[in-house]
Structures are given as C-alpha cells and as structure tokens.
Amino acid sequence: MDGRHKVLIVDDEELAQDFLRFFLSKKFDVYTVGSVNTFNNIISKVDFDIILMDISLRDSKDGIQLTKELRASPKYRNVPIFILTAFNTTKERNNAEAAGANKFLTKPVDSKLLVNMIDDVLSNKSTI
Numbered sequence: 001m002d003g004r005h006k007v008l009i010v011d012d013e014e015l016a017q018d019f020l021r022f023f024l025s026k027k028f029d030v031y032t033v034g035s036v037n038t039f040n041n042i043i044s045k046v047d048f049d050i051i052l053m054d055i056s057l058r059d060s061k062d063g064i065q066l067t068k069e070l071r072a073s074p075k076y077r078n079v080p081i082f083i084l085t086a087f088n089t090t091k092e093r094n095n096a097e098a099a100g101a102n103k104f105l106t107k108p109v110d111s112k113l114l115v116n117m118i119d120d121v122l123s124n125k126s127t128i
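Quick note: the sequence shown, position 66, residue 66 per our numbering, numbers continuous.
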C-alpha cells in the first residue's frame with residue numbers, strides 16, 4: 001500500500017461494500033468486511049484511519065455494539081467512526097452517538113459528500 005489513509009467498511013451487504021469501495025478506492029486504501037468474525041480478525045491486524053460501520057449486520061452483534069467495543073479499545077478510541085445506515089430514526093441516531101460514532105449518515109450516501117466528510121475528519125483527526 002502507498003501510505004494513503006486506510007478505510008474499513010463494515011457492511012454485510014456486498015452491493016453496499018462494492019458501491020463504497022468503487023468511489024473510495026480512488027483516494028483511500030479500502031478494506032471491506034461483512035461479518036463480526038472477519039471484522040475481529042482484520043481489526044487486530046491493520047491500523048485503520050477511519051471506519052464506516054453499518055448498524056444492521058445480521059450477525060451476533062450490530063454496528064452499535066462494535067462501535068462501543070472500538071471506543072473501549074485504546075487502539076481505536078480516537079479513530080473516526082461513521083455510521084452508515086438505512087435506519088434514519090432518532091433512536092438509532094441517539095444509540096450511535098452514545099456508542100461514540102462521529103457521524104451518522106443515511107443510505108444511500110452521496111459519494112462526493114462522504115469523501116469530503118472523510119477528508120475533513122481525517123485532516124482534523126487530532127481534534128477528535
């Protein structure tokens with residue numbers, strides 16, 4: 001890899017992974033996982049600069065639980081986490097905020113907006 005920022009996409013929908021990878025890979029090194037087991041494996045091996053997390057993972061845990069776990073880890077306590085979800089409810093927003101998410105975005109996500117938000121957060125990472 002060439003020193004670009006590393007982005008982890010956590011989403012159990014392959015189509016969503018492919019969409020995000022398509023436009024993010026032009027600027028970032030993109031990794032995708034679709035299950036909690038794969039997530040746990042890669043998160044211990046790679047240092048990510050930002051994580052894009054779906055809420056609904058059809059697994060033993062959801063994205064909110066994984067976000068809480070990341071915030072409890074010294075390694076990922078300050079890494080930006082964006083929640084990307086189709087569930088645009090006040091409850092989900094509150095849960096994401098309480099878990100420590102930096103942003104809450106509703107799918108489908110505008111690709112240019114997302115890239116700009118990632119750039120903004122990474123350029124100001126020391127303030128997060």
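Cβ coordinates follow ideal geometry from the N, Cα and C atoms, glycine included.
Note that the coordinates shown come from a computational prediction; the quantities given were computed from them, not determined experimentally.
task: Count the CB pairs spanning the stretch 19-37 and the stretch 2-9 that are closer than 8 Å, and state whether there are at least three.
output: yes
Next item on the list: Assign F22 to one of two classes, buried (16 or more other C-beta atoms within 10 Å of its C-beta) or exposed (fewer than that).
Entry: exposed
Rounded separation between A72 and D120 - CA only | 24 Å
Check your understanding: Terminal residues of the continuous alpha helix (DSSP H) containing T38?
Key -> V36 to I43
- Task: In angstroms with no decimal places, state the Cα-to-Cα distance between F19 and E13.
- Result: 10 Å
Since D12 sits in a beta bridge, which residues does DSSP pair it with? D12 is not bridged to any residue.
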